[in-house]
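K.L.:
What follows is a single structure, and I will ask about it in a moment.
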Ligand code: ASP
């Protein structure tokens, strides 16, 4: 080894020892006759003092050193002179008096400072990702990720899970996204698909008798671009045999609590994860991935509003539509412009308008364009139902259930931000269960699975598949945290007949099903055990635990929102010879 110690590990107990360090020059200060070098490696920083009086050679070498040079220093650990300790640094009590300085490599000036967490344009960070990763914040994040994954492996290993790798070159898997395709040179005209998840393979491992499987699995989905989405991402993919829903939920809850306590920089809001049905989550929060760090719940006021003299409400209620409201504490003095902004957000979610009632802070008088359509009793009933106080603002949306929920959910998130309700860092996990088996809206006359087509209906709802498929609830479960879905899974169908029936309801003919999933359907004929699983998204969990706003901050080499790699310049054109070998030609878009 070119070093005996790490820079960051030196403490007062090393005083008197001769050590050799190697790392990067974080900072260099020339005090005339004495040069101070902050030497940095992954473990931290140590102060090196190069005194011409101690070693002229070391001083001469240090004189030419610049930021980010790679340097080896041999010297004696010594206590810093009284008054010069740095309590903000773990190595702040000591310094290393250099006897020898060797420049192992030079470095060009870096495009952004490495020694500070300055805001740097992200395209520059991604272009020079290896320098960005050299910064403390990114090293902290990747170490956190390593520790979390190690915790997961140890936790599951101790509970009888085995890690199995499944292929990356595979066949189309149905997670509802577009596949990434890889052309086969050996079989011209044929393609592999990169797995959207190891879903089928983990179910086949259950048929194969492995009982408890997991994998830190890379998944690939060619979805529409979105700011915080990556074409490839990592899941903790798991599957268990002979389990019921609560077995999976309890195990994952124990894993999450243990992992957060062991590695997270952000603490848990609560150790027992609340369980909400899909219906309850959407009614109370307008979404199936509610942020439970704060209240601001949606409240149904259909009965009060429907009997008011405001025609739109009365007509909507008569037509089976909804009227719901949210109370924003202390926002009763919002300006016209602030209210317009909120209305614009509601409109962006499909709402035609946003009604409001402002309770005056001093008089308690209720103002707003629609106030005059309500009787005094109705206004009192409204404020009581919403627990609204003087100074509060009541926002009301009326439309179809979906529009009302989307609009008020967006407003809830925005109000929480404005009111600073998410400033305190904490992780509020919750389970959402009892999802409908199928999406509400039909796709081309067929049902679309809410989760994926292998999710089992609740046993007592199986008869409804014939009479009222839209009413069937499933054994799907999602884990949500701070407004994100961080895991999804289900108890699976293990019966070939039931699987075939679901496929037909979602518009797969038996022939199509056999072509795409023949292997799975066939496997189910050879003694498939009851099984279920889940797949927590590693990237999002790491971002939450690191307190980072986006998943790129916890991935070593992420792609941009445009799905490009700015450092390696991918995707890129290939040689004509490569296309020839694959018998492919590039065709202009018609
Ligand atoms: N494969 C599923 C997904 O990626 C998770 C699961 O059902 O286990 O969403």
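Residue numbers (the numbering used here): 849 to 1438.
Quick reminder that beta carbons are idealized off the backbone N, C-alpha and C, glycines included.
1) How would you write the range of the alpha helix (DSSP H) that residue 1229 sits in, first residue to last?
2) Can you give, in chain order, each stretch of the beta strand (DSSP E) that sits fully within the region 1135-1203 and has at least 3 residues?
3) Mapping DSSP to helix, strand and coil, what is residue 856?
4) How would you write the range of the alpha helix (DSSP H) that residue 1429 sits in, first residue to last?
5) When DSSP labels each residue in this structure, what does residue 1009 get in the three-state scheme?
6) With 16 as the cutoff for other CB atoms within 10 Å, does residue 892 come out buried or exposed?
7) May I ask you to verify whether the region 892-903 touches the region 850-867, counting CB pairs closer than 8 angstroms and requiring at least 3?
8) Contact between the region 1381-1401 and the region 1351-1371: three or more CB pairs below 8 angstroms?
9) Give the DSSP-derived three-state secondary structure of residue 1287 in the structure shown.
10) Assess contact between the region 953-972 and the region 901-916, defined as three or more Cβ pairs (one per stretch) separated by less than 8 angstroms. Is contact present?
11) With contact counted as at least three CB pairs below 8 angstroms, one residue from each stretch, are the region 1281-1294 and the region 1310-1330 in contact?
12) In the structure shown, what three-state DSSP assignment does residue 1380 receive?
13) DSSP state of residue 1098, grouped into three classes?
14) Between which residues of its own chain and residue 1323 is the CB-CB distance below 8 angstroms, once the five residues before and five after are set aside?
15) Determine the burial state of residue 1295: buried for a count of at least 16 other Cβ atoms within 10 Å of its Cβ, exposed for fewer.
16) Please report the straight-line C-alpha distance between residue 905 and residue 937, rounded to a whole angstrom.
17) When the Cα of residue 875 is compared with those of 908, 902, 963 and 1018, which residue comes out closest?
18) Starting from residue 1254, follow the alpha helix (DSSP H) in both directions and report where the run begins and ends.
19) Could you pull the start and end residues of the alpha helix (DSSP H) that residue 973 belongs to?
20) Which word fits residue 1086, buried or exposed, when buried means at least 16 other C-beta atoms lie within 10 angstroms of its C-beta?
21) Going along the chain, which unbroken runs of the alpha helix (DSSP H) with 4 or more residues stay wholly within the region 1270-1354?
22) What does residue 1405 pair with, by DSSP beta-bridge criteria?
23) If you compare alpha carbons, which of 1079, 1140, 1048 and 1200 is closest to residue 1347?
24) In terms of residue numbering, what span does the beta strand (DSSP E) encompassing residue 1055 cover?
25) Residue 1078: beta carbon under 6 angstroms from a heavy atom of the ligand ASP?
26) Going by Cα to Cα distance, which pick from 1088, 1250 and 1159 is closest to residue 1009?
27) Can you tell me which residues form a DSSP beta bridge with residue 867?
28) Quick check: what's the CA-CA separation for residue 932 versus residue 902?
29) How many angstroms separate the CA atom of residue 1332 from the CA atom of residue 1139?
30) Can you have a look at residue 1035 and say buried or exposed, based on whether 16 or more other CB atoms are within 10 angstroms of its CB?
31) From residue 1280 to residue 1261, what distance separates their C-alpha atoms?
32) Here's the rule I'm using: 16 or more other beta-carbon atoms within 10 Å means buried, otherwise exposed. How should residue 1181 be labelled?
33) Leaving out the 5 sequence neighbours to the left and right, which residues in its chain are closer than 8 angstroms to residue 1147 when beta-carbon positions are compared?
34) Between residue 1351 and residue 1335, which are expected to be in contact by the criterion C-beta below 8 angstroms, what is the C-beta distance as a whole number of angstroms?
35) Would the C-beta of residue 1143 count as close to the ligand ASP, meaning under 6 angstroms from any of its heavy atoms?
36) Does the count of Cβ pairs from the region 1005-1020 and the region 919-933 closer than 8 angstroms reach three?
P.N.:
Inspection of the coordinates gives the following:
1) According to the DSSP assignment, residue 1229 belongs to the alpha helix (DSSP H) that extends over 1224-1234.
2) For the region 1135-1203, the continuous beta strand (DSSP E) assignments of 3+ residues that do not extend past its boundaries occur at 1170-1176, in sequence order.
3) Of the three classes helix, strand and coil, the one that applies to residue 856 here is helix, per DSSP.
4) Looking at the DSSP string, the run of the alpha helix (DSSP H) that includes residue 1429 is 1424-1429.
5) Correct three-state label for residue 1009: coil.
6) Buried, because 16 or more other Cβ atoms sit within 10 Å of the Cβ of residue 892.
7) The region 892-903, when compared against the region 850-867, does touch it at the 8 angstroms Cβ threshold.
8) Contact fails: fewer than three Cβ-Cβ distances are below 8 angstroms.
9) Residue 1287 falls in the coil class under three-state DSSP.
10) With a cut-off of 8 angstroms, the region 901-916 and the region 953-972 count as touching, because enough Cβ pairs lie within range.
11) With a cut-off of 8 angstroms on Cβ pairs, the region 1281-1294 is in contact with the region 1310-1330, counting three or more such pairs.
12) In this structure, DSSP gives residue 1380 an extended state, which the three-state scheme calls strand.
13) Of the three classes helix, strand and coil, the one that applies to residue 1098 here is helix, per DSSP.
14) Within the same chain, residue 1323 has close Cβ partners 1093, 1303, 1304, 1305, 1306, 1338, 1339 and 1380.
15) Residue 1295 should be labelled buried.
16) Rounded to the nearest angstrom, the two C-alpha atoms are 29 angstroms apart.
17) Of the listed residues, the one whose Cα sits closest to residue 875 is 963.
18) Note, residue 1254: alpha helix (DSSP H), 1249-1266.
19) For residue 973, the enclosing alpha helix (DSSP H) stretches over residues 970-975.
20) Around the beta carbon of residue 1086, 16 or more other beta carbons lie within 10 angstroms, which makes this residue buried.
21) Segments of the alpha helix (DSSP H) lying fully in the region 1270-1354: 1312-1315 and 1344-1353.
22) Bridge partners of residue 1405: none, in fact.
23) Of 1079, 1140, 1048 and 1200, the residue nearest in Cα terms is 1048.
24) No beta strand (DSSP E) contains residue 1055, which is instead part of the alpha helix (DSSP H) from 1047-1055.
25) It does not: the Cβ of residue 1078 is nowhere closer than 6 angstroms to a heavy atom of the ligand ASP.
26) Nearest to residue 1009 by alpha-carbon distance, out of 1088, 1250 and 1159, is 1088.
27) Beta bridge pairing from DSSP links residue 867 with 923.
28) When rounded, the distance between both Cα atoms is 20 angstroms.
29) The C-alpha of residue 1332 lies about 8 angstroms from the C-alpha of residue 1139.
30) Residue 1035 should be labelled exposed.
31) Take the alpha-carbon of residue 1280 and the one of residue 1261: they are about 19 angstroms apart.
32) With fewer than 16 other Cβ atoms within 10 Å, it is exposed.
33) Cβ contact annotation for residue 1147 (same chain, cutoff 8 angstroms, sequence separation greater than five): 1172, 1173, 1174, 1175, 1233 and 1234, in chain order.
34) Distance from residue 1351 to residue 1335 at the Cβ level is roughly 25 angstroms; contact not present, criterion being Cβ atoms closer than 8 angstroms.
35) No, since every heavy atom of the ligand ASP falls outside the 6 angstroms radius drawn around the Cβ of residue 1143.
36) Three or more beta-carbon pairs separated by less than 8 angstroms are not found between the region 1005-1020 and the region 919-933, which leaves the two stretches without contact.
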